[in-house]
Amino acid sequence: MFKRILFLFTLVLFSTAIFAGSTVHHKLSVKVDPAKHFVDAVDQITIPADQVKPNMTFILNGDLTVTSETSGVTIKLEKSGVKAEDLGMDREDLDLASEFKQNRYAINFTNETKGDVTFAVKFSGVINYQIKQIGEEYARGFSQTPGIIDEKGAYLGGSTYWVPWFNENWISFELTTTMPKGWSVVSQGKRTFNELKNDEQTSTWNSPEPMEEIY
Numbered sequence: 002m003f004k005r006i007l008f009l010f011t012l013v014l015f016s017t018a019i020f021a022g023s024t025v026h027h028k029l030s031v032k033v034d035p036a037k038h039f040v041d042a043v044d045q046i047t048i049p050a051d052q053v054k055p056n057m058t059f060i061l062n063g064d065l066t067v068t069s070e071t072s073g074v075t076i077k078l079e080k081s082g083v084k085a086e087d088l089g090m091d092r093e094d095l096d097l098a099s100e101f102k103q104n105r106y107a108i109n110f111t112n113e114t115k116g117d118v119t120f121a122v123k124f125s126g127v128i129n130y131q132i133k134q135i136g137e138e139y140a141r142g143f144s145q146t147p148g149i150i151d152e153k154g155a156y157l158g159g160s161t162y163w164v165p166w167f168n169e170n171w172i173s174f175e176l177t178t179t180m181p182k183g184w185s186v187v188s189q190g191k192r193t194f195n196e197l198k199n200d201e202q203t204s205t206w207n208s209p210e211p212m213e214e215i216y
């Protein structure tokens, strides 16, 4: 029997020590509930010193609620219904980001920032967008969605805007996911942990290479 798979692939364009030092790093702890189409995540974000600005914003899926998990850091909704351009491998196939709107959030640091800045945000909500048939000009065509969490399978990617997006600079990540028993999680990089305990599958993928998006 085939395992259901949550695809969290990451497209790696190239990797050098120079770019790796300037990536926004995401350390994600994610719990996915396929039966409820629900994702619950905490993202510890590190902004390198050369990208830290007095006024910083990020874009996130408008169906997700977000709060700050770090004292002295506040997250405020700046604008809702933002139409952001599509990200990554999907951009030439379908205007997936038009399926929903994104929100833009402003970050306020109470204390003076020096060097790299690290803070954590929590975000959660339902991701369940319709799968569409595209490519009808071909004999078979194929189906695509900007993001879905379902008991039959799940897909999250750049087009989902499920991870805070700051700009078009490179990112890196460490991703720990918890899924129900019977699921496998696949992501870019190297799997460093995989354990089944109390009917939950937990795995960690580490991807320090510079990339555009997180799948």
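Residue numbers (my numbering): 2 to 216.
Where a beta carbon is used, it is the ideal one built from N, C-alpha and C, also for glycine.
It should be emphasised that the depicted structure is a prediction, and the values quoted were computed from it without experimental measurement.
Assuming residue i is part of the beta strand (DSSP E), what are its boundary residues?
i, result
"ASN170", "Counting along the chain, ASN170 falls outside any beta strand (DSSP E), and DSSP gives it neither H nor E."
"ASN109", "103-110"
"LYS32", "25-34"
"ASN62", "57-62"
Look up residue i in the DSSP assignment and say whether it is helix, strand or coil.
i, result
"ASP51", "helix"
"ASN207", "strand"
"GLY159", "helix"
"LYS115", "coil"
"LYS37", "helix"
"ASP186", "Note that residue 186 is Val in the sequence shown, not Asp. Here VAL186 sits in strand by DSSP."
"THR146", "coil"
"ASP200", "coil"
"SER72", "coil"
"GLY82", "strand"
"PRO165", "coil"
"GLN45", "strand"
"LYS153", "coil"
From residue i to residue j, what distance separates their C-alpha atoms?
i, j, result
"GLU214", "ASP34", "22 Å"
"SER188", "LYS32", "15 Å"
"ALA36", "LYS115", "43 Å"
"GLN45", "ALA121", "4 Å"
"ALA107", "SER72", "16 Å"
"PRO209", "HIS38", "29 Å"
"VAL25", "LEU197", "31 Å"
"HIS119", "THR111", "Note that residue 119 corresponds to Thr in the displayed sequence, not to His. About 13 Å."
"PRO147", "TYR216", "11 Å"
"SER185", "ASN129", "19 Å"
"THR193", "SER81", "37 Å"
Within the present structure, is the beta-carbon of residue i separated from the nearest heavy atom of the ligand SAM by less than 7 Å?
i, result
"GLU175", "Although the ligand SAM was asked about, the structure shown includes no ligands whatsoever."
Who are the Cβ neighbours of residue i in its own chain at under 6 Å, not counting the five residues just before and after it?
i, result
"LEU176", "LEU29, SER188, TRP206"
"LEU65", "PHE124, GLY126"
"THR68", "LYS123"
"PRO49", "SER23, ASP117"
"LYS153", "none"
"ASN168", "none"
"GLY190", "TRP206, ASN207, SER208"
Using C-beta distances below 7 Å, list every residue in its chain close to residue i, excluding the 5 sequence neighbours before and after it, in chain order.
i, result
"GLN103", "ILE60, LEU61, ASN62, GLY63, VAL83, ALA85, TYR162"
"ILE76", "VAL67, THR68, SER69, TYR106, ILE108, VAL122"
"GLU79", "THR58, ARG105, TYR106, ALA107"
"ASP51", "SER23"
Excluding the 5 residues flanking residue i on each side, which residues of the same chain have their C-beta closer than 8 Å to its C-beta?
i, result
"ASN170", "SER23, THR24, VAL25, GLN52"
"ASP151", "PRO35, HIS38, ASN129"
Would you say the region 53-67 touches the region 171-191, given that touching needs at least three Cβ pairs under 8 Å? The region 53-67 is not in contact with the region 171-191.
Three or more C-beta pairs below 8 Å linking the region 184-203 and the region 156-167: No contact exists between the region 184-203 and the region 156-167.
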